[in-house]
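Quick note, the working numbering runs 23 ahead of the 1-based positions in the sequence shown. Note that beta-carbon positions come from the ideal geometry of N, C-alpha and C, so glycine has one too. One structure below.
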Amino acid sequence: MTSAPNTADLFAISLAVTITAPEKRPFPARLTQSMVPEAGAGTQACRHGQRELTARRAVSDCIVVVNFKTYQAAHGASAEELARVMSGIDTEARLVAAVSALDLSAVVAAAPDLEIWCQHLDPVGFGSNTGWLHPETAIERGASGTLINHAEHKVSIEHVAMLLDQVPEGFEVCACAADVDEAMALAALVPNYVAVEPPELIGGEVSVTSADPGIVSGTAAAVREVSEEVGILCGAGVKTGADVAKAIELGTIGVLLASGVTKAADPGAALSGLTSEL
Ligand code: G3P
24 MTSAPNTADL
34 FAISLAVTIT
44 APEKRPFPAR
54 LTQSMVPEAG
64 AGTQACRHGQ
74 RELTARRAVS
84 DCIVVVNFKT
94 YQAAHGASAE
104 ELARVMSGID
114 TEARLVAAVS
124 ALDLSAVVAA
134 APDLEIWCQH
144 LDPVGFGSNT
154 GWLHPETAIE
164 RGASGTLINH
174 AEHKVSIEHV
184 AMLLDQVPEG
194 FEVCACAADV
204 DEAMALAALV
214 PNYVAVEPPE
224 LIGGEVSVTS
234 ADPGIVSGTA
244 AAVREVSEEV
254 GILCGAGVKT
264 GADVAKAIEL
274 GTIGVLLASG
284 VTKAADPGAA
294 LSGLTSEL
């Protein structure tokens, strides 16, 4: 359907895309409760269309998204086990598992209280769309959000815009960007989140927050200029609580990571560490 977008053209293209979302259907998923801001939480809330900017951020507004990708320790029955481990982590931060579409139903059944996202969706409806990932089916199977335009699954900006148009209010979309320009272009479409991940740092040993803190703070500032409604995440090489704390300090509301958990000898300990400084 798509090829990698030309970054130089992304911002201009995105501004030309008309997002018509006022007729969105309500999201019927089981997890809508987690999207309701807690009473008295004076914070920059994460939920789309429900943000309230104030000086302080609550832990419950911080989000750690674990992308299972197709890692061996995070597929099939192992995906179910990892989701159960995530469910058992004692934290007020939001933990989200982004799982393979093939594992979605089983993971939802294994960890019914955990927020589960897809790793990708296509803006298709019912009908002749062999092999495409249909949003309505994902929602019926328990997904409460999705990644889109991940560095390992690039799509066009039109793909992102059409997906945002199609999904119901409350279904969260995290659009991934390789750099500040792409983040700005995607932010103009007002997804729930933009996650900046330098491709060269993905899967590496050094966190983006140490290797290139400027891209994180630069993205945060640039996205904030485009839209105050978009939550900012960062990812690539994130592995420790200190990495997460630094991400927050640089202007994000959380992180998107994979190998720090999926390749950890003890994923539960890794998750506890990641949330330890929130
Ligand atoms: O989607 C998260 C990912 O691209 C970052 O991967 O392994 O560097 O945490 P990793």
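Proximity to residue i [Cα-Cα], best of the options
i      : options                        : result
Val89  : Leu187, Leu273, Ala259, Gly274 : Ala259
Ile255 : Val219, Glu192, Lys262, Leu280 : Val219
Pro222 : Ala129, Ala121, Glu175         : Glu175
Gly226 : Glu104, Lys92, Trp140, Ile86   : Lys92
Asp84  : Cys199, Ile162, Ala134, Leu118 : Leu118
Asp113 : Leu186, Val82, Ala184, Met207  : Val82
Ile162 : Ile86, Ala281, Gln189          : Gln189
Ala121 : Ala132, Ala281, Val203, Asp204 : Ala281
Supposed contact pair residue j and residue i - C-beta distance, whole angstroms, cut 8 Å
i      : j      : result
Val267 : Leu294 : Not confirmed; about 11 Å, so no contact.
Met109 : Leu144 : About 21 Å separates the two Cβ atoms, so there is no contact after all.
Ala116 : Ala134 : With 8 Å as the limit, Ala116 and Ala134 do not qualify as a contact, their Cβ atoms being about 16 Å apart.
Val306 : Ile139 : In the structure as shown, the chain starts at 24 and stops at 301, and residue 306 therefore has no counterpart that could be examined.
Leu273 : Pro236 : 6 Å
Ala208 : Ile180 : 6 Å
Beta-bridge partners of residue i, as assigned by DSSP
i      : result
Val13  : Shown here, the chain extends from 24 to 301; a query on residue 13 therefore has no answer.
Leu170 : Cys197
Gly258 : Leu279
Val217 : Ala198, Ile255
Exposure of residue i, with buried meaning 16 or more beta-carbon neighbours within 10 Å
i      : result
Glu195 : buried
His182 : buried
Gly150 : exposed
Cys69  : For Cys69, the predicted model reports a pLDDT of 33, less than 50, meaning its position is unreliable; a value from the coordinates is still stated below. Buried is the call here.
Leu38  : Per-residue confidence for Leu38 stands at a pLDDT of 45, beneath the threshold of 50, marking its modelled position as unreliable; the derived number appears in the next sentence. With fewer than 16 Cβ atoms within 10 Å of its Cβ, Leu38 is classed as exposed.
Thr153 : exposed
Ala288 : exposed
Close-in-space but distant-in-sequence residues of the same chain around residue i (CB under 7 Å, 5 per side omitted)
i      : result
Ala210 : Val217, Val246, Val249, Ser250, Val253
Thr326 : With the chain covering 24 to 301 only, the question about residue 326 has no answer from this structure.
Ala206 : Ala200, Val217, Val219, Thr242, Ala245, Val246
Ala166 : Leu127, Ile139, Trp140, Cys141
Ser299 : Gly264
Arg164 : Leu127, Ser128, Val131
Glu228 : Gly260
Own chain, CB closer than 6 Å to residue i, minus 5 neighbours either side, in chain order
i      : result
Ala270 : Thr232, Cys257, Val278
Ser230 : Gly260, Val261, Asp266
Leu224 : Val231, Ala234, Ala259, Gly260
Cβ neighbours of residue i in the same chain (closer than 8 Å, five flanking residues each side left out)
i      : result
Lys286 : Tyr94, Ala96
Asp126 : Phe91, His98, Gly99, Ala102, Glu103
Gly291 : Val108, Gly111, Ile112
Ala201 : Thr30, Ala174, Val219, Glu220, Pro221, Pro222
Ala124 : Cys141, Gln142, His143, Leu156, Ala161
Thr263 : Ser230, Gly283, Gly296, Leu297
Glu159 : Gly148, Phe149
CB contact check: residue i to chain C, cutoff 7 Å
i      : result
Gly148 : Of the chains in the structure shown, none is chain C; there is only one protein chain.
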